[in-house]
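Novice:
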Amino acid sequence: MWELPAGKLEPGEDPFESARRELSEECGLSADNYIDLGVVYPTVGYDSEKIYLWAATGLHKGGQHLDAGEFLDVVRMPFEEALQKVLSGEIKDSKTQIGLMKYALLRGKA
Numbered sequence: 332m333w334e335l336p337a338g339k340l341e342p343g344e345d346p347f348e349s350a351r352r353e354l355s356e357e358c359g360l361s362a363d364n365y366i367d368l369g370v371v372y373p374t375v376g377y378d379s380e381k382i383y384l385w386a387a388t389g390l391h392k393g394g395q396h397l398d399a400g401e402f403l404d405v406v407r408m409p410f411e412e413a414l415q416k417v418l419s420g421e422i423k424d425s426k427t428q429i430g431l432m433k434y435a436l437l438r439g440k441a
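Per this note's numbering, residue 332 is the first one in the sequence shown, and the count goes up by one each step.
1) Taking Ala362 as the reference, give the member of Lys426, Gly369, Leu354 with the closest Cα.
2) Should the segment 368 to 375 be regarded as contacting the segment 338 to 345, the criterion being three or more beta carbon pairs within less than 8 Å?
3) Quick check on the burial criterion: 16 or more other C-beta atoms within 10 angstroms. Buried or exposed for Tyr434?
4) In whole angstroms, give me the CA-to-CA distance for Pro409 and Phe347.
5) Thinking Ala337 and Lys426 are a contact (beta carbons under 8 Å), I'd like their distance in whole angstroms, please.
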């Protein structure tokens, strides 16, 4: 399953700090810049889940710090390839699709 870095907010945690933490923990990366892509409610009418979307640029490699029992493979790919995977249906995760497409619109790529 292709998916952007994601996780749950810790009690009292700011969404921006959560985005920074998850990027570091899951991908072993830090970023110079973060762009707020807004909020989505993936299942309105069913539950109250709220997802904050961020784009990170100016990435720097660090060390991955996965939670106990967490496993994943980090794959780096050109942005255009990720967009193509959304359009072809290879990327099925809705928050990943929305995040990539919103960032594409901001970049003038969609």
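All C-beta atoms in this analysis are idealised placements derived from N, C-alpha and C, irrespective of residue type, glycine included. The structure displayed is predicted, hence computed values, not measured ones.
Specialist: With the structure as the only source:
1) Leu354
2) no
3) Buried: at least 16 other Cβ atoms inside 10 Å.
4) 24 Å
5) The Cβ separation is near 6 Å, so the contact holds.
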